[in-house]
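Report on the following structure.
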Amino acid sequence: MLDLKTLVNASCSSTEITEDALFWFSILFIPFTAFLSSGVQIAACMVSTLFLLVFYYYYIIANIDEKGGKLMKKYFFTFSLLTSFVLLQIWMIHVIFSYSVSGIIVAQQGNEWKIAKFESKNISTEAGLKIGDTIVSINGKDPADYISVIKWRSLDQFEEIVVSRGGNQFTVFEKGNFFAFTYDLFPIVGGFLSFLMAILIYRKIHNSKSALILSYVFLDIGLVFTSLGASLRGDTVGKFIISAGVISLPVVFLHFLVVLMEEKGKIRLATNYVRYLYIPVVLAFFVLMTTFLPMHVTYYIYSFSVRTTMIFFLVGIILNFYLLLYLYVKYGRQKSYLSTLIKMVWCSLIISFLPLVTFSFIPKLLMGHEWVDSFFLSWFVLFFPVSFAYLIITKQLYNIDTILRRILMTTIIALLPSGVFTGLIAIFYQNENRDKHLVLLFIAMVIIQSFFLYSLEYFMTKLQAILFPRKHLLQTSIQKIAKNLTSISSFNELKEIILVDIVKTLEVFGGAVVFKYKDTMETISEGDIDVAEVERFVESGETEHSEFSCLQINSHEEYSSYLIMTRTRTNTLLGMEEMQWLNIIISYLAVSLENLHLIRKLNVKLQHLAAQMPNEQEANDFVWFRKLTFELQEMERMRIATDLHDTTMQDLFFLKRRLVGVIQRYALSKEDQDHMSSLIEYIEIINTNLRQSCFELHPHLLKEIGLVQTLEKIIEREAYGSPFEIDFQTDQENRIEKRDMETKRHLFRMIQELLNNAKKHSEASKVVIRLRANQEGMTLSYEDDGVGFDPTRTAPRQIGSSGIGMEQLKSRVLHLNGLWELETGKGCGVKIRIALPAFESMSA
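Residue numbers for the sequence shown follow the UniProt record's numbering, beginning at 1 and rising by one.
Right, dumping it as structure tokens:
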């Protein structure tokens with residue numbers, strides 16, 4: 001016979017129901033009950049709870065034989081908490097949608113109960129109630145016997161009240177369910193978000209103790225949010241949850257900070273006092289439970305507990321700040337992860353609690369009323385746990401020093417206009433403003449303007465193409481020209497790639513680059529420019545010309561070089577912005593021209609040496625010269641990279657620091673600040689490009705991390721800007737890394753050259769590079785599905801190939817005693833296979 005336990009066993013084994021499924025069922029079920037009527041809500045709550053209890057009970061029985069009694073206790077405890085949580089949330093929603101917020105506070109005067117204050121205008125406005133009206137009866141009962149009057153001195157959850165004013169009596173009815181948008185929807189949304197964050201943190205990072213406590217923080221905040229609506233309607237459970245949640249919140253925060261510092265900062269703190277802080281929290285729970293008793297003394301206990309709750313909350317926040325102050329004094333001045341973590345905690349804690357404490361709790365304790373409604377300020381509390389949820393999940397910190405410096409600067413700038421505007425309002429509207437309103441207006445304006453100024457840089461960067469199209473064009477051109485300069489190897493390329501871009505970008509009639517040697521002069525030009533007049537001007541040594549803008553690129557003993565620009569197409573000389581842009585371009589161009597000069601100088605020497613080899617027998621001696629040539633190339637590349645790093649990049653670094661110092665030291669106009677910021681951005685772009693150029697000239701990572709990882713890094717970088725997919729495969733990495741540094745350097749240059757040729761000429765969609773090693777040697781294979789070429793025709797020297805091309809690849813292979821195989825054709829792609837011998841073969 002099939003009993004209920006057997007049925008549950010079958011369903012549990014087939015559907016694998018867990019407490020997670022039950023939890024998500026409850027999360028989806030709670031909002032659904034909000035749309036039901038009051039009676040149906042209670043019935044649905046009872047039926048669903050009974051269903052869960054029965055089903056979960058038999059689910060435990062179904063598993064107890066297999067997993068033991070501990071599992072039963074675990075599931076039963078989990079389900080008990082889950083059931084309590086579901087019932088609590090359903091009850092809160094039931095109260096919110098069953099009663100309206102009256103906000104009527106009463107006080108006893110003799111034997112009468114009179115209206116003393118209105119905390120909400122929902123009913124008082126519609127019914128015409130006034131302070132001082134006498135309450136005759138509530139739902140047909142004497143006010144002295146009504147539960148909310150006894151416990152809270154307020155009129156809550158009533159259907160009708162009889163009011164007496166001036167001897168006349170009238171009846172006020174509670175008209176439907178007034179859903180207070182501000183005090184009901186926002187708390188429900190805030191509570192749902194808090195619960196969702198708690199679930200995500202618990203499920204995603206359950207192995208972290210700090211994450212577990214942080215999920216408790218979110219749970220505490222969520223309970224406070226969702227209980228607010230019921231508390232405003234005089235519900236005892238809602239008031240109990242809010243008081244208990246506010247009391248426990250700073251203690252749980254403090255516990256979280258201690259565990260976080262131990263987990264992330266690797267420091268151990270005394271935690272015994274944290275345990276003792278939970279004792280007054282538990283005692284407060286027992287005291288608050290007396291609010292469930294329908295006695296007149298409950299009102300005095302509750303009034304006392306409200307003040308006690310605020311005081312305990314303030315004491316808890318002070319303890320949090322004391323702990324942070326201790327950590328900052330001890331570790332804050334160190335430039336470490338821990339110091340940055342401490343500063344981030346400081347900022348998050350101040351933003352979370354300072355508004356609530358300053359504008360709500362302290363005024364309430366000292367003056368009896370809040371400056372700003374604590375409901376609105378309580379949203380700031382979410383900032384702290386959200387920021388640390390980010391920290392725990394991403395395991396990274398912001399540059400807090402830079403952020404604080406920017407916030408301080410923008411706040412100082414915002415003080416003056418905010419003060420002026422607030423002063424004008426105080427002058428022109430003297431009768432309509434109170435000091436409290438003016439203070440709050442001033443603070444709000446400072447915050448809004450500070451946020452606007454802080455985010456201005458971000459939006460200006462995003463909208464630069466629209467707001468400053470000329471500046472955006474120049475900045476984009478810098479990146480393009482800087483990238484093209486890395487591939488320049490001849491004067492012809494300098495003209496066709498660089499000079500053409502400069503002339504088009506500046507919209508001038510023409511431009512020229514002039515090399516002035518001791519006895520001769522060499523000029524490359526583009527556009528409409530008088531070359532003879534340019535050479536005469538350079539030869540004269542003058543610095544200014546009525547038709548040209550002249551900038552010196554570099555100057556050496558052997559030669560000096562100049563960049564000459566004509567007037568713009570509007571017949572004006574270049575402006576200050578264009579000249580600044582050209583100065584940045586020149587910093588790139590100087591390095592490239594130096595490389596061109598050295599390349600040409602070396603080519604002349606090689607040609608002279610080759611001319612002294614009269615026959616093939618003597619040409620065999622060229623092997624040692626090839627080796628020396630490669631070594632000289634690498635030495636020259638390393639020298640140039642070192643010079644760039646030690647001179648140009650250092651100069652750019654100090655220039656950037658000086659510009660930042662100028663912005664911070666002097667009160668500049670907005671236009672000047674924007675201009676200086678754009679210069680700093682240009683310098684940063686130059687610095688980044690120079691750093692990449694240094695790596696390409698001197699791949700120092702070969703010695704630090706090896707050939708394979710260096711190739712993986714450069715291929716990963718190339719993949720972002722390449723029009724094709726790159727598939728890089730290696731085999732026997734240990735054998736590869738055992739090769740000598742010279743061989744690895746040649747392999748790096750080969751792959752670098754293959755990728756450059758593929759980007760410039762292959763038009764491929766996929767490139768495959770394989771590097772393998774075995775006992776017989778190494779093989780490097782390259783394959784693409786591009787357009788290919790005719791191998792029977794001599795290919796001209798390609799732009800962007802650094803002036804070496806296929807012949808340089810062959811030369812490197814021959815230098816390593818390797819074999820070269822090329823398979824290609826027009827429209828057939830390219831396949832290259834390079835085989836290098838083992839160590840013994842090479843040494844032999």
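Cβ atoms here follow ideal geometry from the backbone N, Cα and C, with glycine treated the same way. Fair warning: this is a prediction, and the values are worked out from it, not measured in the lab.
The C-beta distance from H746 to R639 rounds to 19 Å, too long to fall under 8 Å, and the pair is not in contact. For I221, the enclosing alpha helix (DSSP H) begins and ends at K209 to L232.
Remark: three or more beta-carbon pairs, one from each stretch, lie closer than 8 Å, so the stretch 135-144 and the stretch 158-175 are flagged as touching. As the crow flies, the alpha-carbon of V274 is around 6 Å from that of H255. Secondary structure of G245 (DSSP, three-state): helix.
For K766, the closest C-alpha among the options L755, V787 and F724 is that of F724.
By the Cβ rule, the stretch 575-590 counts as touching the stretch 685-705, because three or more pairs are nearer than 8 Å.
The continuous stretches of alpha helix (DSSP H) do not include K518, and DSSP gives it neither H nor E.
Residue pairing from DSSP places P837 in a beta bridge opposite G777.
Per DSSP, the continuous alpha helix (DSSP H) segment holding L325 begins and ends at V297 to Y331. Of the residues assessed, F240 falls on the buried side of the cut-off, its CB having 16 or more other CB atoms within 10 angstroms. A direct Cα-Cα distance of roughly 54 Å separates L589 from S210.
With 16 or more neighbouring CB atoms inside 10 Å of its own CB, D133 falls in the buried class.
Approximately 13 Å separates the beta-carbon atoms of V217 and G316; this is outside 8 Å, ruling out the contact.
Three or more beta-carbon pairs separated by less than 8 Å link the stretch 542-551 to the stretch 562-569, which places the two stretches in contact. Contact check for G541 against I529 fails: the beta carbons are separated by 8 Å or more. L365 is not a Cβ neighbour of I342, given a cutoff of 8 Å. The residues K151, T291 and F292, in chain order, have a CB closer than 8 Å to that of T236 in the same chain once the five nearest residues on each side in sequence are set aside.
Beta-bridge partners assigned by DSSP to G510: G527.
For the pair E821 and G786, the CB atoms are not nearer than the 8 Å cut-off. Closest by C-alpha distance to F225, out of L214, G234, R233 and I242, is I242.
Ranking H698, D672, K601 and H597 by CA distance to the CA of H645 puts H698 first.
When Cβ pairs closer than 8 Å are counted between the two stretches, the stretch 701-720 is seen not to touch the stretch 666-685, the count staying below three.
Excluding the 5 residues flanking it on each side, F537 has same chain C-beta neighbours closer than 6 Å at H545, in chain order. Under the criterion of beta carbons closer than 8 Å, L506 and E457 do not qualify as touching, at roughly 27 Å. Contact between T309 and I247 holds: their C-beta atoms lie close to 5 Å from each other, under 8 Å. Taking the C-beta atoms as reference points, I135 is found no nearer than 8 Å to E119. Residue burial is scored here from C-beta neighbours: Y517 has fewer than 16 other C-beta atoms within 10 angstroms and is therefore classed as exposed. Sequence-distant partners of V306 (beyond 5 residues in either direction) whose C-beta falls short of 7 Å from its own C-beta are missing from its chain. Per DSSP, the continuous alpha helix (DSSP H) segment holding R658 begins and ends at M649 to R665. In summary, A444 is exposed, with fewer than 16 beta-carbon neighbours lying within 10 Å of its beta-carbon over all protein chains present. Counting the other CB atoms within 10 Å of its CB gives F353 a total of 16 or more, which places it among the buried residues.
CA-CA distance, S102 to R233, rounds to 7 Å.
Taking the Cα of F789 as reference, the smallest distance to any Cα among V259, E776 and N757 is reached at N757. Here I425 carries a helix assignment [DSSP, helix/strand/coil].
Cβ neighbours of C828 within its own chain (closer than 8 Å, five residues either side excluded): G788.
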